[in-house]
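What follows is a single structure, written as structure tokens, with notes after it.
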Ligand code: NAD
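In the numbering used here, the protein residues as written are 5 to 368.
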């Protein structure tokens, strides 16, 4: 029995829909396991710009820092696309990551056996299963590097800088090796060391950290090859550690081969003892926002990660994951994962965001 304070940032587009569905599941967990979750609903993203003029109000940052964990829906949308960089909703995400010191983004990509028809790869490949865990560096690299516009050789130009320090690579590599010790004891480090100096440093540091984990087998792969091998033999991937930008792209690719971006949860973690942030890897999906069509399972699986990692509630986390699997086995699907026969007499039943949340809660 525990008392926990959860900061909830619904954000924009489908963000409020998926976080509401996840809260239904959290409430059920509280009831079933006798916990007390109190929610502090906070503004960030486009909605915060509309209400306060600032994508990340300082009150939101302060409340997140005081919480046990943060649940985030998604931010952004066409209404705010033409604002200058500093004022865009995405600034809230980068700001939260840097304010909370969230340098490690853990993104599991699992192909559920009941969703194998949603995998666009050849059945021979899909049948071998996919269970990858991406460890993406989150507060360094090009997304945080020096940038700007200037006069160059060919006139006006723009630049973004990829820079990594030894310290930044060392701590993300350690996160990956620690995780590997709880899985199959293999780490694949993805870089572009044949071209980029920052990648050569990345590789050197990862090799050094590996010496402290002799049981873990370390491999390296260039990012272009990794994007091919992920399609050809995803079953061979286990823990993958990579930079902010490469991780962003590769984990979206992994989302597609495991069915839908609506299925992938994530945990963003910093120093031990500080609140982690949990969010689906998808964005605000403006094309389906407000229509009860969004898949809430990535957000529901994100709260399972929150319970396990930040609150230490393993049984509760496993219960949510098992409930999600059961709901899928029973044939319930949101539109993004409804492949095959969806006619009335088929096993596949099309449901909306709210119903999917209630079904998982009911299964618990
Ligand atoms: P997106 O992830 O929002 O959508 C990509 C596609 O996937 C769309 O067709 C969408 O309908 C679908 N999709 C996404 N989530 C889904 C779900 N849960 N269920 C069913 N279908 C789902 O990416 P985008 O279109 O590139 O970006 C839209 C906005 O979201 C932009 O403003 C972008 O900056 C923002 N964004 C925010 C985050 C975040 O908050 N973490 C991440 C990525 C993009």
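For glycine and all other residues, C-beta sits at the position ideal for the given N, C-alpha and C.
Go to residue i, then tell me how far its beta strand (DSSP E) extends in each direction, as first and last residue.
| i | result |
| --- | --- |
| residue 225 | 221-226 |
| residue 118 | That residue, residue 118, is in no beta strand (DSSP E); it is neither H nor E in DSSP. |
| residue 45 | 40-45 |
| residue 190 | 190-195 |
| residue 14 | 7-15 |
| residue 358 | Segment 357-367 is the alpha helix (DSSP H) holding residue 358; no beta strand (DSSP E) there. |
| residue 153 | 151-156 |
With residue i and residue j assumed to form a contact (beta carbons below 8 angstroms), what rounded beta-carbon distance in angstroms separates them?
| i | j | result |
| --- | --- | --- |
| residue 281 | residue 32 | In fact, because the Cβ distance is near 22 angstroms, the residues do not count as touching under 8 angstroms. |
| residue 274 | residue 106 | 5 angstroms |
| residue 196 | residue 227 | 5 angstroms |
| residue 61 | residue 95 | About 12 angstroms separates the two Cβ atoms, so there is no contact after all. |
| residue 136 | residue 327 | Wrong, their Cβ atoms sit about 22 angstroms apart, outside the cutoff. |
| residue 130 | residue 67 | That pair is no contact at about 43 angstroms. |
| residue 21 | residue 319 | Going by Cβ atoms, the distance from residue 21 to residue 319 rounds to 28 angstroms, so no, they are not a contact pair. |
Measure from the alpha carbon of residue i to the alpha carbon of each residue in the options, then state which is nearest.
| i | options | result |
| --- | --- | --- |
| residue 287 | 93, 208 and 108 | 93 |
| residue 243 | 58, 297, 109 and 49 | 109 |
| residue 43 | 75, 66, 53 and 240 | 75 |
| residue 18 | 149, 357 and 57 | 357 |
| residue 2 | 276, 293 and 218 | Residue 2 falls outside the range modelled here, since the chain spans only 5 to 368, and no answer is possible. |
| residue 214 | 317, 338 and 192 | 192 |
| residue 264 | 132, 290 and 342 | 342 |
| residue 6 | 332, 338, 337 and 317 | 317 |
| residue 8 | 366, 323 and 315 | 315 |
| residue 72 | 363, 278 and 289 | 278 |
| residue 295 | 339, 63, 268 and 69 | 339 |
| residue 241 | 336, 337 and 188 | 188 |
| residue 269 | 112, 28 and 221 | 112 |
| residue 78 | 88, 52, 86 and 63 | 52 |
| residue 245 | 157, 260 and 211 | 211 |
| residue 220 | 252, 204, 235 and 182 | 182 |
| residue 353 | 159, 337 and 158 | 337 |
| residue 205 | 168, 223 and 225 | 168 |
| residue 199 | 289, 125 and 225 | 225 |
Leaving aside the five residues before and after residue i along the sequence, list all residues of the same chain whose C-beta is less than 6 angstroms from its C-beta, in chain order.
| i | result |
| --- | --- |
| residue 143 | 101, 102 and 107 |
| residue 141 | 176, 247 and 248 |
| residue 146 | 164, 166 and 249 |
| residue 271 | 110, 280, 282, 309 and 313 |
| residue 13 | 46, 48 and 76 |
| residue 34 | 41 |
| residue 321 | 308, 311 and 312 |
Considering only residues of the same chain and omitting the five flanking positions on each side of residue i, which have a CB-CB separation below 7 angstroms?
| i | result |
| --- | --- |
| residue 30 | 41 and 307 |
| residue 25 | 300, 303, 304, 357, 358, 360 and 361 |
| residue 230 | 194 and 254 |
| residue 179 | 108 and 139 |
| residue 119 | 263, 332 and 341 |
So residue i is in the alpha helix (DSSP H); what residue range does that whole segment cover?
| i | result |
| --- | --- |
| residue 166 | It is not in any alpha helix (DSSP H) - residue 166 carries neither H nor E in the DSSP assignment. |
| residue 332 | 318-333 |
| residue 214 | 201-214 |
| residue 24 | 19-37 |
| residue 301 | 301-313 |
| residue 54 | 50-56 |
Quick one: residues in its chain with C-beta nearer than 8 angstroms to the C-beta of residue i, no 5 flanking neighbours on either side, listed in chain order?
| i | result |
| --- | --- |
| residue 161 | 153, 154 and 155 |
| residue 209 | 170, 173, 174 and 177 |
| residue 117 | 133 |
Exercise for review: Entirely within the segment 218-282 and at least 3 residues each: give me those beta strand (DSSP E) ranges in chain order.
Suggested key: 221-226, 243-246, 271-273 and 280-282, all fully within the segment 218-282.
Practice item. Run through the segment 62-134 for me and flag every whole beta strand (DSSP E) of 3 or more residues, listed as ranges in chain order. Key: 73-78 and 108-114
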